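A short write-up of the structure that comes next.
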Amino acid sequence: MRKNRKWYFSVVDVVGVLSDSPNPNNYWKVLKNRLNKGGGKLVTNCNQLKMQSSDGKYYKIEVTDTKQLLRIIQSIPSPKAEPFKVWLATVGAEWIDEVRPRVGD
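Residue numbers for the sequence shown follow the working numbering, so the first one is 226 and each next one is one higher.
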């Protein structure tokens with residue numbers, strides 16, 4: 226197994242599941258505009274890949290890697306996104322506690 230393999234996720238699919246939006250494409254469009262106005266480069270890291278749809282046809286869709294996807298999830302105000310946000314906060318706090326120099330060491 227190669228270690229350099231990257232997973233890519235359909236942004237609209239994840240946004241749709243976590244937001245329960247009846248129109249996940251529109252939800253992502255609005256969220257993307259809001260994120261762009263914030264000055265971050267998050268959205269520019271989303272690429273388009275052709276992926277097979279449920280109708281069997283291939284369409285270009287916006288995809289992103291795991292790191293960027295987790296950042297997008299943090300921007301979704303939804304109860305379904307909360308478990309991911311709590312998990313990220315927990316992992317982040319554990320990492321900081323692990324690498325932070327100990328007082329008196």
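Think of the CB as a built atom: it goes at the ideal place given N, C-alpha and C, for glycine as much as any other residue. Note that this is a predicted model, so its numbers are computed, not measured.
Go ahead and pull the three-state DSSP assignment for residue i.
i      : result
Asn261 : helix
Ser279 : coil
Ile286 : strand
Asn251 : helix
Ser235 : strand
Classify residue i: buried if its beta carbon has 16 or more other beta carbons within 10 angstroms, exposed otherwise.
i      : result
Pro249 : buried
Tyr283 : exposed
Thr315 : exposed
Have a look at the DSSP bridge pairing and note the partners of residue i.
i      : result
Gln273 : Glu287
Closer than 8 Å is the cut-off here; do at least three beta carbon pairs connect the region 243-262 with the region 286-305? yes
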